[in-house]
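Residue 178 in UniProt numbering sits at position 178 of the sequence shown, with consecutive numbering throughout.
All C-beta atoms in this analysis are idealised placements derived from N, C-alpha and C, irrespective of residue type, glycine included.
Here is the structure we will look at.
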Amino acid sequence: LAALRLVGAALLSPGSCSFEDSACGYQWDYAHLPWTLHGEGHYISVDRSYEGEKAVLSSPDLYSEEWSCVRLIYQIATTSETSADPTRLNLYLRQEGESFDRLLWSAKEPSDSWLIASLDLMNSTKKYKLVLEGEMGQDRSSSIAVFEIKITPGYCIECDFEENHLCGFVNRWNPNVNWFVGGGNIRNSQSILPKDHTLNSALGHYMYVDSVYVKHFQEVAQLISPKTMAPLSGCLSFYYQLKQESSIVFTVYLRDTSGFYEEIWKTDTALSADWTLAEVDFSAPYPMEVIFEVAFNSAKGGYVALDDIAFSPVYCSNQTGTPFNPANAGCDFEEDLCNFYQDHKDGPGWSRVKVKRNVYRAGDHTTGFGYYLLANTKFTSQPGYIGRLYGPTLPGNLQFCLRFYYALYGFFKMSGTLAVYIFEENHVVQEKIWSVLDSPKGVWTQAEISFKKPMPFKVVFVSWCKSFWDCGLVALDDVSLSLGSCQVAGLLPHSPGECTFEKDECVFTQKKRGRGSWHRRRGPTPTSYTGPKGDHTTGVGYYMYVEASDMVYGQRAYLISRSLRGISGKQCLTFFYHMYGAGTGLLSVYLKKEGDDEEVPLWRRTGEQSISWLRGLIEYESDRNYQIIFEAIRGVSIRSDTAIDDILFQAGPCLEVEEIQFSSGYPDSLNEIEY
């Protein structure tokens, strides 16, 4: 543990702490388990000596106007290998003016010794705190130790190898060739260098790999950087020395979380007797590792040394031009087709339509009363009819995740009625990457597809009507594109303040459970002609609802948030609600401020509203801690199931405003489609 003390511990930057004789201004939350400072061992820990579920440790107020790197040295110790509720260490960012903490990182892997986590913190003008949360899980003998927190200006992929945690860089172990730390007067190699690059001294350190133990042809040593946790693009530079007696291949790769390698640099000289600077343009729009790989062909191959890896957000070459913005390749169709277009020789194809609120036909996915695209309408249907919708040109050699919502009506056989193709720029090569197999009729269902192509291309949505007797309607809405595979995007932390009810009830609790309470459910509700057929998030996920058949007329059910941090200025609450059924009662939203006896009504709907999920928007203010309460009141009959989904709390005013916050009665009895 003594080895964990870093160089210059006395000069630690604000927010950094080696827990030698104090907690450096870090404070624990007395409402939870206590942390114990072990000055002699230089760490702080929490265990199950006391009753409690978790422990919280928060930093003093910090400022970070420059990009910085947080390095956390920690250990999780448990006795049980696997558990449904594992011990976990989470790191949150608590920004000024935000009611919710943003999850930066989470770990649950137990280990026999300390581990290191490296996290990029983007520059911000806002004051913030770092909050460590230890969740103790089910294991009664679990413990969590934090040995050091260090915040340094710069990027986590930078390293001079002077500190013994090596900035989180790791060697991929190989029986014969490995990267080692050189320098510091360690005479442990036949091809030792007299001086490092950082200090230009025998006391300085660098990394090196030597061919002396090579046993096989093409032995490979890999040095792997910490994973980038924020989008980076610019110039990666490093210094290297290479002594080659038979062929050595020194290569730098980027590796994404799917395991795809992309070569970005390779040595072009056989020898560099002195430290040589290498620079390479580098773009990591989604999490990636940088891998320094050396391949030897014989035991007399020579060696490679590496030092002073650095990064600058300015490209090395005079490269200009704006990076690709995936937001330009999505569309909610509220205003127009965005950057999508149709080839008119296909016929009318896709139409942009809007359905007024009604109890027969679902509206759009975005709000429930906005625009979406509709193909194969009965007016244009003919056997073999095809409607093509072309997206904008996308650059090659990037991993993408395409998400969109579709709904199908009136088909006997659903398979193949909607497909997604990739067209290369010349429109000659086309490849089908997705087609619908089966889905609940009339439910907005989310599809997601990951893909990567070497050349620029377009995504094309194709709707197909196979025969006159089986022509239905294909609806499309909320197309979005993000960088990185969908799998990776799914692993990244959600927006703070977002609740989709996919895993649990998030920040919400109930006064009582059982009959007459809110239930978490997927699929349709048990009673016919009331409640949703599926959730709003994906169409096949979870939502919260009240089951009217368990309640009596006028009975109330409350879903109450935990206490949320008050902030100055306006805040916006967005949610989706479903009120379908002839006997539907009331749904209300209240604000309860700390210290007040009365709740303030913010929003209300009475009676049947629509067969669709509808969006609710509420703007409110509270500079004191507060709770948000959803109250459902059962209506006159069992056809009174009321549901909510996709709740989002955001700082700042709502970008749109609902005209009516309090309404009663059915909104619109017409079943119209507007073109």
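Using the rule of at least 16 other Cβ atoms within 10 Å of the residue's Cβ for burial, across every protein chain shown, is residue 704 buried or exposed?
Within the shown structure, residues of the chain are numbered from 1 to 675, placing residue 704 beyond reach of any answer.
Out of 645, 457, 429, state which residue places its alpha-carbon closest to the alpha-carbon of residue 501.
645
Can you give, in chain order, each stretch of the beta strand (DSSP E) that sits fully within the UniProt domain "MAM" (329 to 488) and has at least 3 residues?
351 to 355, 371 to 375, 385 to 394, 399 to 409, 418 to 424, 430 to 435, 445 to 452, 457 to 465, 473 to 483
Which full runs of the beta strand (DSSP E) of 3+ residues lie inside the region 567 to 613, going along the chain?
567 to 579, 586 to 593, 600 to 606
Nearest candidate by alpha-carbon position, reference residue 311, set 277, 371, 236
236
Give the single residue among 305, 24, 656, 439 whose Cα lies nearest to the Cα of residue 207.
305
Work out the CA separation of residue 438 and residue 409 for me, nearest whole Å.
12 angstroms
Decide if residue 90 is buried, meaning its Cβ has at least 16 other Cβ atoms within 10 Å, or exposed.
buried
DSSP three-state label for residue 166, please.
helix
When the Cα atoms are used, what is the spatial distance from residue 242 to residue 273?
7 angstroms
Rounded to the nearest angstrom, what separates residue 219 and residue 509 at their Cα positions?
57 angstroms
Need the endpoints of the beta strand (DSSP E) that residue 201 sits in, please.
Element bounds for residue 201: n/a, residue is neither H nor E.
Alpha carbon to alpha carbon, how far is residue 398 from residue 483?
7 angstroms
Measure from the alpha carbon of residue 550 to the alpha carbon of each residue in 183, 258, 642, then state which is nearest.
642
At least three beta-carbon pairs within less than 8 angstroms, the region 596 to 612 to the region 553 to 565:
no
What are the boundary residues of the beta strand (DSSP E) that includes residue 288?
288 to 296
Looking at residue 570: is its Cβ nearer than 9 angstroms to the Cβ of residue 629?
no
Rounded straight-line distance, which links the Cα of residue 529 to that of residue 581:
6 angstroms
Within the continuous beta strand (DSSP E) that includes residue 504, where are the two ends?
Per DSSP, residue 504 belongs to no beta strand (DSSP E) and is neither H nor E.
Taking all protein chains shown into account, do 16 or more other C-beta atoms lie within 10 angstroms of the C-beta of residue 13, making it buried, or fewer, making it exposed?
exposed
Tell me the DSSP secondary structure of residue 548 in three-state form.
helix
Should residue 478 be labelled buried (16 or more other beta-carbon atoms within 10 Å of its own) or exposed?
buried
Measure the beta-carbon distance from residue 706 to residue 640 and round it to whole angstroms, keeping in mind my assumption that it falls under 8 angstroms.
The question about residue 706 has no answer here: the residues shown for the chain are numbered 1 through 675.
Give me whichever residues DSSP pairs with residue 179 in a beta bridge.
209
Where does the unbroken beta strand (DSSP E) through residue 262 begin, and where does it stop?
261 to 266
Assigned exposure category for residue 203 - 16 Cβ within 10 Å defines buried
exposed
Residue 67 versus residue 583: straight-line alpha-carbon distance, rounded:
56 angstroms
Can the beta-carbon of residue 324 be found closer than 9 angstroms to that of residue 232?
no
Sort 461, 401, 471 by Cα distance to residue 453 and report the nearest one.
401
Member of 462, 433, 117, 357 whose CA lies at the smallest distance from the CA of residue 225
117
Would you grab the beta carbon distance between residue 653 and residue 572 for me? Rounded to a whole angstrom, and I think it's under 8 angstroms.
6 angstroms
Given residue 5, which residues of its chain have a CB within under 7 angstroms of its CB, disregarding the five upstream and five downstream residues?
Because the pLDDT of residue 5 is 39, which lies under 50, any placement of that residue in the model is unreliable, and the question is left without a value.
Residue 25, buried or exposed, once every other Cβ within 10 Å from all chains shown has been counted against 16
exposed
What do you get for residue 258, buried or exposed, if any count of 16 or more other CB atoms within 10 angstroms of its CB means buried?
exposed
Residue from 522, 553, 517 whose Cα sits closest to the Cα of residue 539
522
Going by DSSP, name the residue or residues bridged to residue 516.
Residue 516 pairs with nothing; no bridge assigned.
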